[in-house]
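*Asks:* Heads up, the sequence shown is in the working numbering, so the first residue is 289 and it goes up one at a time.
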Amino acid sequence: MHLKNLSAALLCSTCLMTYPVAAFAESGVADLGLILLGESKRDVQTGTAVPLTIVDQEEMNDRQAGTVAELVDAVPGVTLINGSTPQGSGINIRGFGANSTFGSDQKVLILQDNATVGSEELYRIGTQLFTDPELYKSVSVSRGTVGSFEYGSGVIGGLVKLETKDGSDFTNGTPGIKVRQTLQYGSNGDGAVSSTILAWQPTDRLEFIANYTLRDQDDMKDGSGAVIPNSATRLPSWLLKGKYTFGDADQHQLSFSYTDTTADDKDVPYDTFQTTTGFGNVDRLTESKTATLAYNFNPDSDLINLDVILSKADQQIDSEGVDGQVGGIADLVNADHQFETTKLTLKNTAFFETGAASHDLRAGIELIRRKRLDASSAPGGEDRRWAVFVVDDIKFGNISVTPALRYESSKITGSTAPNNGTFENDAFMGGLSLKYDFSSGLSVFGSGAYTENLPIIDDLGNTVLMTKSEKAETYELGVAFDNGGPFTGKLTAYKTRVWDITSYRSFVPGGNTDMVDISGVELEASFAAENGVYVDFNANALSGEATLESALTQDWDQAPADSISLTLGKKFQNGWDTSWELVSAKARDNDGVVTPGYTIHNIRASWKPQTGVLKGGEVRLGIENAFDRDYATALGGGRKSPGRNIKLTLAKTF
Numbered sequence: 289m290h291l292k293n294l295s296a297a298l299l300c301s302t303c304l305m306t307y308p309v310a311a312f313a314e315s316g317v318a319d320l321g322l323i324l325l326g327e328s329k330r331d332v333q334t335g336t337a338v339p340l341t342i343v344d345q346e347e348m349n350d351r352q353a354g355t356v357a358e359l360v361d362a363v364p365g366v367t368l369i370n371g372s373t374p375q376g377s378g379i380n381i382r383g384f385g386a387n388s389t390f391g392s393d394q395k396v397l398i399l400q401d402n403a404t405v406g407s408e409e410l411y412r413i414g415t416q417l418f419t420d421p422e423l424y425k426s427v428s429v430s431r432g433t434v435g436s437f438e439y440g441s442g443v444i445g446g447l448v449k450l451e452t453k454d455g456s457d458f459t460n461g462t463p464g465i466k467v468r469q470t471l472q473y474g475s476n477g478d479g480a481v482s483s484t485i486l487a488w489q490p491t492d493r494l495e496f497i498a499n500y501t502l503r504d505q506d507d508m509k510d511g512s513g514a515v516i517p518n519s520a521t522r523l524p525s526w527l528l529k530g531k532y533t534f535g536d537a538d539q540h541q542l543s544f545s546y547t548d549t550t551a552d553d554k555d556v557p558y559d560t561f562q563t564t565t566g567f568g569n570v571d572r573l574t575e576s577k578t579a580t581l582a583y584n585f586n587p588d589s590d591l592i593n594l595d596v597i598l599s600k601a602d603q604q605i606d607s608e609g610v611d612g613q614v615g616g617i618a619d620l621v622n623a624d625h626q627f628e629t630t631k632l633t634l635k636n637t638a639f640f641e642t643g644a645a646s647h648d649l650r651a652g653i654e655l656i657r658r659k660r661l662d663a664s665s666a667p668g669g670e671d672r673r674w675a676v677f678v679v680d681d682i683k684f685g686n687i688s689v690t691p692a693l694r695y696e697s698s699k700i701t702g703s704t705a706p707n708n709g710t711f712e713n714d715a716f717m718g719g720l721s722l723k724y725d726f727s728s729g730l731s732v733f734g735s736g737a738y739t740e741n742l743p744i745i746d747d748l749g750n751t752v753l754m755t756k757s758e759k760a761e762t763y764e765l766g767v768a769f770d771n772g773g774p775f776t777g778k779l780t781a782y783k784t785r786v787w788d789i790t791s792y793r794s795f796v797p798g799g800n801t802d803m804v805d806i807s808g809v810e811l812e813a814s815f816a817a818e819n820g821v822y823v824d825f826n827a828n829a830l831s832g833e834a835t836l837e838s839a840l841t842q843d844w845d846q847a848p849a850d851s852i853s854l855t856l857g858k859k860f861q862n863g864w865d866t867s868w869e870l871v872s873a874k875a876r877d878n879d880g881v882v883t884p885g886y887t888i889h890n891i892r893a894s895w896k897p898q899t900g901v902l903k904g905g906e907v908r909l910g911i912e913n914a915f916d917r918d919y920a921t922a923l924g925g926g927r928k929s930p931g932r933n934i935k936l937t938l939a940k941t942f
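#1: Select from Asn622, Gln505 and Gly530 the residue whose C-alpha is nearest the C-alpha of Ser456.
#2: Please confirm if Leu661 has its CB atom under 8 Å from at least one CB of chain B.
#3: Using only the alpha-carbon positions, how far apart do Gly772 and Gly729 sit?
#4: Quick one: is Gln861 buried, meaning 16 or more other Cβ sit within 10 Å of its Cβ, or exposed?
#5: Would you please state the rounded distance, in angstroms, between the beta carbons of Arg673 and Ser698? I believe it to be under 8 Å.
#6: What is the C-beta distance between Ala849 and Thr887, in whole angstroms, given that I count them as a contact (C-beta under 8 Å)?
#7: With DSSP collapsed to three states, give me the class of Ile745.
#8: Measure the alpha-carbon distance for Thr336 versus Val809 and round it to whole angstroms.
#9: Between the alpha carbons of Asn878 and Leu598, how many angstroms are there, rounded?
#10: Exposed or buried, what is Glu608 when buried is set at 16 or more other beta-carbons lying within 10 Å of its beta-carbon?
#11: Can you tell which of Gly885, Ala920, Thr780 and Phe684 has its C-alpha closest to the C-alpha of Asp510?
#12: Does the separation of the CB atoms of Val467 and Ile485 fall below 8 Å?
#13: Per DSSP, Trp787 forms a beta bridge with which residues?
#14: Taking the straight line between their C-alpha atoms, what separation do you get for Ser688 and Asp606?
#15: Look at the alpha carbon of Pro930 and the alpha carbon of Pro524, and state the distance between them as a whole number of angstroms.
#16: Is it right to say Leu840 is buried, meaning 16 or more other beta carbons lie within 10 angstroms of its own, or is it exposed?
#17: Can you look up Met754 in the DSSP assignment and give me helix, strand or coil?
#18: Could you check where the alpha helix (DSSP H) with Phe942 kicks off and where it finishes?
#19: Please list the terminal residues of the continuous alpha helix (DSSP H) segment that includes Met348.
#20: Alpha carbon to alpha carbon, what distance is there between Leu936 and Thr259?
#21: Use the C-beta contact count for Phe825: other C-beta atoms within 10 angstroms, 16 or more gives buried, fewer gives exposed.
#22: Looking only at C-alpha atoms, which of Ala651, Ala645 and Asn707 sits nearest to Ala663?
#23: How is Leu620 classed by DSSP in three states: helix, strand or coil?
#24: Would you mind sorting Asn476 into buried or exposed? The rule is 16 or more other CB atoms within 10 Å of its CB.
#25: By the three-class DSSP mapping on this structure, what secondary structure does Phe567 have?
#26: Rounded to whole angstroms, what's the CA-CA distance from Ser851 to Gly535? Just pull it up for me.
#27: Closest to Leu909 by C-alpha separation, out of Ser731, Ile934, Asn819 and Lys577, would be which residue?
#28: On a Cα-Cα basis, can you pick out the residue from Thr404, Tyr546 and Thr521 that is closest to Leu527?
#29: State the start and end residues of the unbroken beta strand (DSSP E) segment that holds Ala459.
#30: Evaluate Lys635 with the Cβ neighbour count: other Cβ atoms within 10 Å of its Cβ, from every protein chain shown; 16 or more gives buried, anything less gives exposed.
#31: When we look at the beta-carbon of Ala692 and count the other beta-carbons within 10 Å, is it buried (16 or more) or exposed?
#32: Could you pull out every residue in the same chain whose Cβ sits closer than 6 Å to the Cβ of Ala893, ignoring the five residues on either side in sequence?
#33: Reducing DSSP to helix, strand and coil, say where Val809 ends up.
#34: Measure the alpha-carbon distance for Thr899 versus Ala487 and round it to whole angstroms.
#35: At which residues does the beta strand (DSSP E) containing Glu358 begin and terminate?
#36: Quick check on DSSP: helix, strand or coil for Pro421?
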């Protein structure tokens, strides 16, 4: 199905889904439970022009995911790359991000408690999101550029924000101590997870949390029963976090968070994507540490809500070849990498009115220092940046207008000859979104955004790449519906062009990618009746074309397959929640290379006792790929996806 045909079909389906809801409301048939709002697994974010999806704690628990990437690949426009292992998995959003060569192309930004995490370009090593999902209580994904200027530059695919758990999430704001223990078993690979949380709230204003999670799994099998190479993992992770609120009117708040995730792998393939075996095996130690210290001052004034955030993300990968590798391959497999990103953000949020317009104005400055260790396979150096940004949410009547501006300046200095030059670059970027709300609950919106991806330390060996930035424009149009009833929906069409590309290089003369054009459509819809029945539907269709420096054009090889997901479920008053999820992707033809389509089914059931001694406990049963389908995703690099996996989770808060 062509993209414009699928877009029309999705728009028609939105209209058809809206019609019966309106019809039931007009007929007044209240006993069917169709005119009162219940809860589905995920809320559609209809109140913003930004294509935003939030995966909350309840959905995170329900999905029983092994990696953060597995949590967000259920978001339209987001695709999981190269399997489900913590070291190899990556995130592709709208055709950008991780790919079969690098874990990141710098076009998807990852934030954890406001710290910028992730590596630069590491050959066939993922580590874009090397952490454990048990540490977090929510993950939000904004797709495209328009919602990114408050957080960084060069965001073309999208932005992923992770928020760690808080002590008050378990104490409910009441002084005392709570302990939560979670145990999980997965049949495919004999996976076992233990997560222990200690939450302590000494007073109303002071809270702490400690979380230790151990995830252990052998190699998994695909749907044919064959072992998926390099899919075993042992991952200890922990979180420490505290928050103190003080002042006569509780106007001050000080918080600190620290996370640490480690993997010590012995005699494993260097290639975490497992797309080739030509590099041999290595012993690899991977550790990701992130710390954030934040202060908030929120006095009794609409003009002042000040945040001062100091963060540091440190990712280290020590590798040693064990197969006697020599020459250039030895330099690659024996490289030790370390990335440190230290960031200071000062931001104020002010609310005020000018005539009939109200403003929610966010303005700030960021100081960023990124250091990369000099390695045998890549140059090291330091990237010092400063940036200023302004985002103003303006509302007057039914109209919302949000202009956003960001200026960023970079100075990169190499650490070792011959890559010890100094390069300075800067960029001015911004966007504008508009939204109009009709009284019927229907809204229309549109946006345009321009951003630049400044040179990175990894390109110090090429002076041409260090003197130009990648540039991108994205335009979006959409429609949303939310009248307070059981149905909500949001349809977004987008078009992106990227040029002056430096990320995708080729060994073939004239084979470097010079420009990429993509267009697509995303649909999110939800129906939740008061009787507990709910439906969630997501769809994504994308097409892309790459223009090479030789002027030849070809299909964009990072474009994912068109896909849909449909969840049908029912919640019961006694704490039961049962659901069936269908995930389907159509075949993808990339310049004659065809990846077959597939459809898999996931079944989930959970029980949270409402009374008695079991209150506070949870039992979850999930059957992923229930019919043991043998398949591979279009962006999986040939790596097979896991076959049937039965997961059982037991959790209790004491």
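Backbone N, C-alpha and C define an ideal beta-carbon position, used for all residues, glycine too.
*Replies:* Reading off the structure:
#1: The residue given as residue 456 occupies position 168 in the sequence shown. Ser456 has its Cα closest to that of Gly530, out of Asn622, Gln505 and Gly530.
#2: Among the chains in the structure shown there is no chain B, since it carries only a single protein chain.
#3: By 1-based counting over the sequence shown, the position of residue 772 is 484. By 1-based counting over the sequence shown, the position of residue 729 is 441. Near 8 Å, if we compare the C-alpha coordinates of Gly729 and Gly772.
#4: Residue mapping note: residue 861 aligns to position 573 of the sequence shown, counting from 1. Per the 10 Å Cβ criterion, exposed.
#5: Translated into positions along the sequence shown, residue 673 becomes position 385. Translated into positions along the sequence shown, residue 698 becomes position 410. The pair is a contact, with the Cβ atoms about 5 Å apart (cut-off 8 Å).
#6: The count along the sequence shown starts at 1 and reaches residue 849 at position 561. The count along the sequence shown starts at 1 and reaches residue 887 at position 599. With 8 Å as the limit, Ala849 and Thr887 do not qualify as a contact, their Cβ atoms being about 12 Å apart.
#7: Against the sequence shown, residue 745 aligns to sequence position 457. If DSSP states are grouped into helix, strand and coil, Ile745 belongs with the helices.
#8: Against the sequence shown, residue 336 aligns to sequence position 48. Against the sequence shown, residue 809 aligns to sequence position 521. Thr336 and Val809: Cα-Cα distance of roughly 17 Å.
#9: For the purposes of this step, residue 878 is taken as the residue at position 590 of the sequence shown. For the purposes of this step, residue 598 is taken as the residue at position 310 of the sequence shown. So the alpha carbons of these two residues sit roughly 44 Å apart.
#10: For this step, residue 608 is matched to residue 320 along the sequence shown. So Glu608 ends up on the exposed side.
#11: Taking the sequence shown and counting its residues from 1, the one referred to as residue 510 is at position 222. Of the candidates Gly885, Ala920, Thr780 and Phe684, the residue whose Cα lies closest to the Cα of Asp510 is Ala920.
#12: Counting from 1 along the sequence shown, the entry for residue 467 is found at position 179. Counting from 1 along the sequence shown, the entry for residue 485 is found at position 197. Contact flag set, yes.
#13: Along the sequence shown, one-based indexing puts residue 787 at 499. Per DSSP, Lys759 and Met803.
#14: Sequence index remark: in the sequence shown, residue 688 carries index 400 (1-based). Sequence index remark: in the sequence shown, residue 606 carries index 318 (1-based). C-alpha separation (whole angstroms): 49 Å.
#15: Taking the sequence shown and counting its residues from 1, the one referred to as residue 930 is at position 642. Taking the sequence shown and counting its residues from 1, the one referred to as residue 524 is at position 236. Approximately 22 Å, taken between the alpha carbons.
#16: Within the sequence shown, the letter at position 552 stands for residue 840. Of the other Cβ atoms in all chains shown, fewer than 16 fall within 10 Å of the Cβ of Leu840; this residue is therefore exposed.
#17: Working through the sequence shown from its first residue, we reach residue 754 at position 466. Residue state, collapsed to three classes: helix.
#18: Counting from one through the sequence shown, the residue named residue 942 turns up at place 654. No alpha helix (DSSP H) contains Phe942, which DSSP labels as neither H nor E.
#19: Taking the sequence shown and counting its residues from 1, one reaches residue 348 at position 60. In the DSSP annotation of this structure, the continuous segment of the alpha helix (DSSP H) that includes Met348 starts and ends at Gln345 to Arg351.
#20: The requested residue 259 does not occur in the structure, where the chain is confined to residues 289 to 942.
#21: Position 537 of the sequence shown, counted from the first residue, corresponds to residue 825. Result: buried.
#22: Position 375 of the sequence shown, counting from 1, holds the residue named residue 663. Out of Ala651, Ala645 and Asn707, Asn707 has the C-alpha closest to the C-alpha of Ala663.
#23: Residue 620 sits at position 332 when you count from the first residue of the sequence shown. Leu620: helix per DSSP, three-state reduction.
#24: In the sequence shown, counting from the first residue as 1, residue 476 sits at position 188. A residue is called buried once 16 or more other Cβ atoms fall within 10 Å of its Cβ, and Asn476 is buried on that count.
#25: As a position in the sequence shown, residue 567 is number 279, starting the count at 1. It is coil, neither helix nor strand.
#26: The count along the sequence shown starts at 1 and reaches residue 851 at position 563. The count along the sequence shown starts at 1 and reaches residue 535 at position 247. When the Cα atoms are used, Ser851 and Gly535 turn out to be separated by approximately 51 Å.
#27: As a position in the sequence shown, residue 909 is number 621, starting the count at 1. Out of Ser731, Ile934, Asn819 and Lys577, Ile934 has the C-alpha closest to the C-alpha of Leu909.
#28: To locate residue 527, count along the sequence shown from 1; it is residue 239. Nearest C-alpha to Leu527: Tyr546.
#29: Mapped onto the sequence shown, residue 459 falls at position 171. It should be noted that the sequence gives Thr, not Ala, for residue 459. Judged by DSSP secondary structure, Thr459 falls outside any beta strand (DSSP E) and instead within the alpha helix (DSSP H) spanning Ser456 to Thr459.
#30: If you number the sequence shown from 1, residue 635 lands on position 347. Classification for Lys635: buried.
#31: Along the sequence shown, one-based indexing puts residue 692 at 404. Answer is buried; the Cβ neighbour count reaches 16.
#32: Counting from 1 along the sequence shown, the entry for residue 893 is found at position 605. Taking C-beta separations shorter than 6 Å and ignoring five residues to either side along the sequence, the partners of Ala893 in its chain run Thr866 and Leu909, following chain order.
#33: Mapped onto the sequence shown, residue 809 falls at position 521. In the three-state reduction of the DSSP assignment, Val809 falls in the strand class, which pools E and B.
#34: Taking the sequence shown and counting its residues from 1, the one referred to as residue 899 is at position 611. Taking the sequence shown and counting its residues from 1, the one referred to as residue 487 is at position 199. A straight-line Cα-Cα distance of about 22 Å links Thr899 and Ala487.
#35: To locate residue 358, count along the sequence shown from 1; it is residue 70. If you look at Glu358, you'll find it isn't in any beta strand (DSSP E); it sits in the alpha helix (DSSP H) that goes Val356 to Val360.
#36: As a working mapping, residue 421 is identified with position 133 in the sequence shown. Three-state DSSP puts Pro421 in a helix.
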